[in-house]
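**Q**
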Amino acid sequence: SLSDRATLREGEIHPLNGVARVLRIQHRLAQRYGLLFWNTHEAMASLGGINAFMALTEVPVMFLYDRMARRIGCPATIRIAAAAFVAKALGIALAGSVPALYAAHALQAVITPAMVRYVNLYISSKDSAKGQSISYNMTTLGSIFASCLGGVMFDSMSVRAALLTGTAVAAVGAAVCLVFARPADRS
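Quick note on the numbering used here: the sequence shown kicks off at 513 and runs consecutively.
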């Protein structure tokens with residue numbers, strides 16, 4: 513989602529340039545075509561800065577992640593991240609309070625470093641910025657499709673049912689990661 517596209521400047525988190533414009537475009541398109549639009553940027557801010565919380569949980573993990581990844585290997589870290597993604601989705605679906613929601617989002621600390629590590633290991637250093645951009649673009653594209661499908665699902669089922677359906681889809685994706693994550697042939 514766009515809500516997590518920000519930089520840290522002078523101790524404060526600021527949205528990247530263009531986020532406000534993209535949000536306005538998304539809102540106008542949703543109005544024009546009668547689609548559900550939930551501004552995650554505003555929602556995260558109203559939850560007391562869950563993005564700042566997630567960023568803070570990622571920092572210590574990023575420092576320790578290389579050491580762990582060297583020990584267990586990149587495929588294992590991808591598998592752990594896939595399992596964490598499913599646990600995060602399930603935690604969000606079942607969260608009965610804001611602290612429970614924060615606890616579920618804390619699992620993001622395992623997911624993001626795995627993506628960065630994968631890009632750093634399997635994409636040449638001259639293309640690493642492009643590789644990380646591609647991984648974040650894929651995440652954003654997935655969020656867009658999920659938002660559109662989620663709007664349709666909300667019309668026919670409860671929020672919890674829609675979130676649990678999303679968790680089931682995440683579990684299928686994690687199963688693919690668990691089965692197919694292998695070291696790359698670097699020849």
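Think of the CB as a built atom: it goes at the ideal place given N, C-alpha and C, for glycine as much as any other residue.
(1) Applying the 10 Å Cβ sphere with the 16-neighbour rule, what's the burial state of Leu619?
(2) Would you kindly work out how many angstroms separate the C-alpha atoms of Asn649 and Ser655, rounded to a whole number?
(3) Span of the alpha helix (DSSP H) holding Met627?
(4) In angstroms with no decimal places, state the Cα-to-Cα distance between Gly585 and Thr679.
(5) Could you check the C-alpha separation between Ser699 and Pro572 for me, to the nearest Å?
(6) Give the secondary structure of Ser655 by DSSP, where H, G and I count as helix, E and B as strand, and everything else as coil.
(7) Do you know offhand how far His539's Cα is from Ser647's?
**A** So, from the data block:
(1) buried
(2) 10 Å
(3) 620-634
(4) 26 Å
(5) Confidence at Ser699 is low in this model, with a pLDDT of 43, below 50, so the placement of that residue should be treated as unreliable; the coordinate-derived value is given next. Roughly 34 Å between the two C-alpha positions.
(6) helix
(7) 25 Å
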